[in-house]
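Chemist: Just so you know, the protein sequences line up as chains V, A and X, in that order. Start counting the first sequence at 0; every next residue gets the next number (numbering that gives the first Met the number 0). Start counting the second sequence at 0; every next residue gets the next number (numbering that gives the first Met the number 0). Start counting the third sequence at 0; every next residue gets the next number (numbering that gives the first Met the number 0). Glycine residues also receive a C-beta, built at the ideal position from the N, C-alpha and C atoms. Dropping a structure here in structure tokens format, bear with me for questions.
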Amino acid sequence: MSFFRLFTILFALIVSFQPALASRIADTDLSSRIVALGAGGFDDLEKAIANLAASGDDRVPAVLDRLGNGELVVRKADGAVFFADKAGTDFRLTDPVTGSDAGLAPKATVEKVKVNNRIRRTIASAVGALTLISPDPAVRRAAAEAVMKSADAAAIPVLNQAIATETVADIRAMMMAARATALLASSASEADKVAAIAAIADLGSRDALGFLSGYTSTEGAVGDAARKAVAAIESRLMLWDIGQNLWYGLSLGSVLLLAAIGLAITFGVMGVINMAHGEMVMLGAYATFTVQEVIRTSWPGLFDYSLLIALPVAFLTAALAGILIERLVIRWLYGRPLETLLATWGVSLILQQTVRSIYGANNREVGNPSWMSGSFSVGDIQITWTRLWIILFAVAVFLALIAVLKRTRLGLEMRAVTQNRQMAAAVGIRTPLVDALTFGLGSGIAGLAGVALSQIDNVSPNLGRGYIIDSFMVVVFGGVGNLWGTLVGALTLGVANKVLEPYAGAVLGKIILLVAIILFIQKRPRGLFALKGRAVEA
Amino acid sequence: MSQIFDRRRMTLAAVLGALLASTMAGYAADDTIKVGVLHSLSGTMAISETTLKDTVLYLIDEQNKKGGVLGKKLEAVVVDPASNWPLFAEKARELISQDKVSVVFGCWTSVSRKSVLPVFKELNSILFYPVQYEGEESERNVFYTGAAPNQQAIPAVDYLMKEEGVQRWVLAGTDYVYPRTTNKILEAYLKAKGVAADDIMINYTPFGHSDWQSIVADIKKFGSAGKKTAVVSTINGDANVPFYKELASQGIKAEDIPVVAFSVGEEELAGIDTKPLVGHLAAWNYFESIDSEANAAFIDGWHKFIKNDKRTTNDPMEATYIGFNAWVKAVEAAGTTNTDTVIDTLVGTTVPNLSGGYATIMPNHHITKPVLIGEIQDNGQFDIVSKTAPVVGDEWSDYLEGSKDLISDWRKPLSCGNFNVVTGKCGGNS
Amino acid sequence: MIISFLVDSLDRRGRIVVILLVVLALLVPAGNLLVPEGSAFHVSTYQLTLCGKYLTYALLALSVDLVWGYCGILSLGHGAFFALGGYAMGMYLMRQIGARGVYADPMLPDFMVFLNWKELPWFWQGFDMAWYAFLMVVLVPGVIALLFGWLSFRSRVTGVYLSIITQALTYALLLAFFRNDMGFGGNNGLTDFKDILGFPIQAPGTRAALFAASALMLALGFVVASAVVRSKLGKVLVAIRDAESRTRFIGYRVEHYKLFVWTLSAVMAGVAGALYVPQVGIINPSEFDPSASIEAVIWVAVGGRGTLIGPLIGAVAVNFGKTWFTGVLPEIWLYALGALFVVVTLFLPRGIVGLWDRVVSRRAKPAPDVDGSGRQAGEAA
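Here you go:
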């Protein structure tokens, strides 16, 4: 962007800012500056924004905000510019200067003022410079960030003024860094620039690295300082990178765990190879979608709780589907695992096609609730809320499952039936009921996995297919019939995958892992934690 | 055995019964012109291709309302190649030799097109291929109404250079031929524009890749080198949703690192919450948000035909629209559906497109298209921020070693799809 | 000698199958080439290639049955051997194009030219010679199967575990062949073949010959399989299927028997793939897709495993159904296929052949139990 142009704005801004913050210019002047926004292409628009910001009028940030949101329209008839709010198919127009209502306008009579990324950046830095001294700390923080990104020498005086009055420590630090980046871009003395580099290097973050890398090829003391600072930050970040990769591995492992743990029950505990397991996950994801749709249309206020509401729905949907499959198909095939494989494969085809017929082949949108959006940093490890919640969720599901198996009557009966069906029946356990419930439990957990996966993956009829092979690998690798094995297996495969990925690439990494599992099975045909004793031979 | 296979009537009755029953009733088979539709209705590609099948049926319906072609009604023959590439060739043969269709609209993936090519050459029929592709092909029996790389990728890169001042490039794609070729072309183009090799990062992922954490983090890292960075994405199909979700959750905003995609259209966005993605870009030759009368009429008719006014329209649909109308116009002009005559007549045929201009079929069997750049809006639509004059599709890229000397011109006397201007020979196609 | 030994090994039913296949190999091409179009006995080229494809599928099904029906090894990765054979043939056909590719490069296939490959990778060397390529059709699947089998059978990976790692094998190969860097053409695979053994591949005569070759190769495969299962070796295989540990304790080296039949079966699948490719005109990594291998298993199950005729019937019947359904009622096909899996496993554990036998034996005496569904499954659980 043009530094000269911004310089003029900010210069004008500082001049007009000095006397009072709540400054205003004449309505007609402001109006003509606003009308200029709707006049031409992006280049003209950028100039018009500069000109508007230069007015220093306290109504400007609102106008620029609405421009950035695409809510500014030009009336085709006379070129007048208005705020526009959707009212059915029409727009309700508001005069930006006076704030008075300008009536309804049909869509065809107005034209939106178009903005692109460049214009949005210009707006952000203009608004930033205008709001650095806002009474609201959140606004000041955003303003400081925006000014820092623009790295514009012209902003230094405003920053100085803002730093002098800033009381919140971390906003102040951000303003200092912003001033340092601006200083680097200015024609300040070499010593000042070296000091600025030191100030930025102190941040030590990836953003700081980004700013400094721009100066490593500069000649002289500035370049030297920049190179040194970059090297220091890079070596520090390298350690963090390892941590970051481990985090990614952990997060992938938790996804694998969620997908595989239901299988560990049906396959591991019951000896049923459930090829329709992936479809149970898919059912869970579609249940989430359906719940969100109902909430969106009927109780939009509950949207943030939609996932919590979806959890029991998904569990019950998948569990019921599982029980149905068990009663109709699988119970005829106990003791013939290879046949269950074929039959459940058939079931999976039918389920996929059913979902495709009901919901269509296209992907469905499942939204992130606000508490699952965004990310935060621990040191330089960036942690996204989605992944963190999924890891916690996987752990919770795992522990709950262990508790069910070890502490409840149902769990006891399940283990009894698994270990010796005849004996269990002889002591009065209703084995068919236990079979159905076990299968329902495994499927229900897959449904829970679907809720989590809907947050990071496609919700489409093919969702389950993508996870079925990986899930089997996890269970077989960990050792059939052992939930702890599944946990260790999932985490190992997740971390191994993510450690390999930077070196071998995503595809080759996966191939290496598959081959490694094939070889591992030769070494330990029954997995990492093999069950021992009579149960195995039965 | 031939009796077993003779089931054309049943096909039609079942698939089109409800649709065309009333119009077909009075016509014996001889009074219709048959149009083949070769799009997957099941399997992984059904998600994209089913829409195009419906588009062809819609266009045929409209044409029949106008009285058909050459005084005959058009009759669609729909088959399902089920996203299975050998099956594409088999079904193409079925359409041409068993059902005797005059023209086929079909295929989406490059591999399906490659699979049916020998069949169309052997049996001499016409295929209209409506999807953007990697170029490096020009066949006499195929008309390419989607974009070649120079009608999509290069203008998009130009836009980013000019408007956003991008100096560093991430070329991220799914590992198959379209991204590979496009990225090769872009790499050569960027280097020709003075971009250093260090400032280009190329990354390939498998189909349906779902864990994007590391790659998005790499992009972020690559983007923090003090130069304005952009991502050029040729990521295909289902992998896009997790990719964009990861971008959003790692907080990469369009103002910081814009992503321009060549395979993400209105249909793909329907599966994502687009609020965090506002400002990311896509390059196509058509967007649903185009403000033109032709587009408004097309969308209106489409909604009525499909009986759902929420269904989106997209670029390959426009390409199908152009191809279909060009074929109708050429058949009317030639007065026959004879393959050779129609192929010759098609070259030079000009029909309106949906963005308020015209598309002309060039001698290389590609068409002229304007290139549009759109920014993603929070409602899942694109806001058009740039539109070029019509560009001629360049089948043999000037930026690839092997193809820079090749040209294609199917007019007589050259009649060659891969003429080498240096050696003066038509490539060895027997 | 060998021939008479092989022919002697056929039972009455087997002889009928072989005679039928030989007749098919003669009549169908004749119906295509000699009978004029419009005659009721004319076989169109479309039908000819379609039937040729079914025959190669039948050979694949036969190979699956040999290990599953007679030795109890459920392979979910036989599609991999089929595809490897297909790729070997595809590489030969690619090299035959020579300088007739669009870039007129005398050496490199087109996909290498536009991806800027400068020279032919080492593993493409030699494929311009037919004998070498045909040897590779047999050797590549054979050696990979031998290696894989030697590792697995030696460490006694059985039942479900074996099924799952065969699936992992084909999945890993799928991913590998998708990679463009591997030099097998990535997702687009190998296509646009021109000629085979000097004959143009699209000529009616070549097509007819390929059909005949498929039929004869299937007949040969049938005779070999029949010789294997009716020999003493075959009896041991069935013993392994029904009670592996017991067979081992009696003193048989179970691994050796398994390895032999496993490798033989992989080679048969490879040959089937090699015949498949020139007839459909393309080979692409999707042939490695695990679901393709599982579909091959269902052909066997539908026809009747543990019989040699079953897989032939199953492969042809299911694929004919697929061709028919995807033309008439595309949406229904997956339902039908899914239901087929369920119904066959639940109600027809011995497939169509089993059903036929039951109907026949109602009138005669009860048939002996050749279905090994009970014991070997129990061992795996």
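#1: On the DSSP bridge list, what partners appear for N202 (chain A)?
#2: Scan the segment 148–181 of chain A for residues whose Cβ lies nearer than 8 Å to a Cβ of chain D and list them as they occur along the chain.
#3: List the endpoints of the continuous beta strand (DSSP E) containing W283 (chain A).
#4: Relative to the C-alpha of L138 (chain X), which candidate in X:A167, X:Y86, X:I351, X:R252 has its C-alpha closest?
#5: For S70 (chain A), does the count of other Cβ atoms within 10 angstroms reach 16, so buried, or fall short, so exposed?
#6: Which whole-angstrom value describes the C-beta separation of S101 (chain A) and K190 (chain A), a residue pair presumed to lie in contact below a C-beta threshold of 8 Å?
#7: Can the beta-carbon of A181 (chain V) be found less than 8 Å from the beta-carbon of I155 (chain V)?
#8: Do we get a CB-CB distance below 8 Å when we pair K497 (chain V) with the residues of chain A?
#9: Go through its chain and collect everything with a Cβ distance to V370 (chain A)'s Cβ below 7 Å, but skip five positions before and after it.
#10: Can you confirm whether the segment 86–104 of chain X touches the segment 341–353 of chain X when touching is taken to mean that 3 or more C-beta pairs between the two stretches lie within less than 8 Å?
#11: Figure out for me which residue from V:N362, V:D379, V:F210 has the closest Cα to the Cα of G242 (chain V).
#12: I'd like the list of long-range same chain contacts for G493 (chain V), defined as Cβ closer than 6 Å, with 5 residues on each side in sequence excluded.
#13: I want to verify the contact list: residues of chain V whose CB lies under 9 Å from the CB of D382 (chain A), in sequence order.
#14: With burial defined as no fewer than 16 other Cβ atoms inside 10 Å of the residue's Cβ, what is the status of K411 (chain A): buried or exposed?
#15: Nearest to Y132 (chain A) by alpha carbon, out of A:W326, A:I251, A:N123, A:Y177?
#16: Is the CB of E294 (chain X) under 8 Å away from at least one CB in chain A?
#17: Going by the beta-carbon positions, is the gap between I260 (chain V) and T485 (chain V) smaller than 8 Å?
#18: Identify which residue in X:I297, X:A238, X:D180 has its Cα closest to the Cα of C70 (chain X).
#19: Count the other CB atoms within 10 Å of the CB of E189 (chain V); is the residue buried (16 or more) or exposed (fewer)?
#20: Quick check: what's the CA-CA separation for V358 (chain X) versus G68 (chain X)?
#21: CB-CB under 6 Å to V434 (chain A), same chain, minus the five flanking residues each way: which ones, in chain order?
#22: Under 8 Å, CB to CB, which of the residues in the segment 228–251 of chain A have a partner in chain V?
#23: Quick one: give me the first and last residue of the alpha helix (DSSP H) that S374 (chain V) is part of.
#24: Quickly, what does DSSP pair C415 (chain A) with across the bridge? List them, please.
#25: In whole angstroms, give me the CA-to-CA distance for M23 (chain A) and I294 (chain V).
#26: Only counting runs of 4 or more residues, tell me where the alpha helix (DSSP H) segments fall wholly within the segment 178–208 of chain V, in order along the chain.
#27: Against chain V, with Cβ distances strictly below 8 Å, would A91 (chain A) count as a contact?
#28: Is M269 (chain V) buried or exposed, if buried means 16 or more other CB atoms sit within 10 Å of its CB?
#29: Please state if the CB of A207 (chain V) and the CB of A200 (chain V) are separated by a distance shorter than 8 Å.
#30: I'd like to know whether the C-beta of T339 (chain V) is nearer than 8 Å to at least one C-beta of chain A.
#31: I need the boundaries of the beta strand (DSSP E) containing V375 (chain A), first residue and last residue.
#32: Under a Cβ-count criterion, where at least 16 other Cβ atoms within 10 Å of its own Cβ denotes burial, should F418 (chain A) be classed as buried or exposed?
#33: Sort V:V157, V:G373, V:F392 by Cα distance to W384 (chain V) and report the nearest one.
#34: Establish whether the CB of K226 (chain A) and some CB of chain X are separated by less than 8 Å.
#35: Determine the chain X residues that contact G426 (chain A) at a beta-carbon separation under 7 Å, and present them in chain order.
#36: Report the option in X:L83, X:P329, X:G269 whose CA atom is closest to the CA atom of A419 (chain X).
Modeler: In short:
#1: A:A171
#2: This model lacks chain D altogether; the protein chains it does include are V, A and X.
#3: 280–283
#4: When only C-alpha atoms are compared, the closest one is X:Y86.
#5: Rather than Ser, the amino acid found at residue 70 (chain A) in this sequence is Gly. Classification for G70 (chain A): exposed.
#6: At roughly 46 Å, the Cβ-Cβ gap does not stay under 8 Å, so S101 (chain A) and K190 (chain A) are not in contact.
#7: yes
#8: Yes, K497 (chain V) counts as interfacial toward chain A.
#9: Q150, Q151, P154, A282, N284, T387, V390
#10: The segment 86–104 of chain X and the segment 341–353 of chain X do not touch, with fewer than three beta-carbon pairs separated by less than 8 Å.
#11: V:D379
#12: G248, L251, G252, L255
#13: Close to D382 (chain A), with beta-carbon spacing below 9 Å, are these residues of chain V in chain order: G69, K111, K113, V114, N115.
#14: Classification for K411 (chain A): exposed.
#15: A:Y177
#16: no
#17: yes
#18: X:A238
#19: exposed
#20: 21 Å
#21: The structure shown has nothing for residue 434 (chain A), since chain A only spans 0 to 429.
#22: D237, V240, P241, K244, E245, A247, S248, Q249, G250
#23: That residue, S374 (chain V), is in no alpha helix (DSSP H); its beta strand (DSSP E) goes 374–377.
#24: Within the DSSP secondary-structure output, C415 (chain A) pairs in a beta bridge with A:D408.
#25: Here M23 (chain A) scores only 38 on pLDDT, less than 50, and its place in the model is too uncertain to base an answer on.
#26: If we require 4 residues or more, the alpha helix (DSSP H) runs fully inside the segment 178–208 of chain V come out as 189–202.
#27: By the rule that beta-carbons nearer than 8 Å mark a contact, A91 (chain A) does not touch chain V.
#28: buried
#29: yes
#30: Closer than 8 Å to the CB of T339 (chain V) there is not a single CB belonging to chain A.
#31: According to the sequence provided, residue 375 (chain A) is Ile. The question's Val does not apply to it. Its beta strand (DSSP E) spans residues 371–375.
#32: buried
#33: V:G373
#34: no
#35: V101, Y102, A103
#36: Here chain X has residues from 0 to 380 only, and residue 419 (chain X) is not among them.
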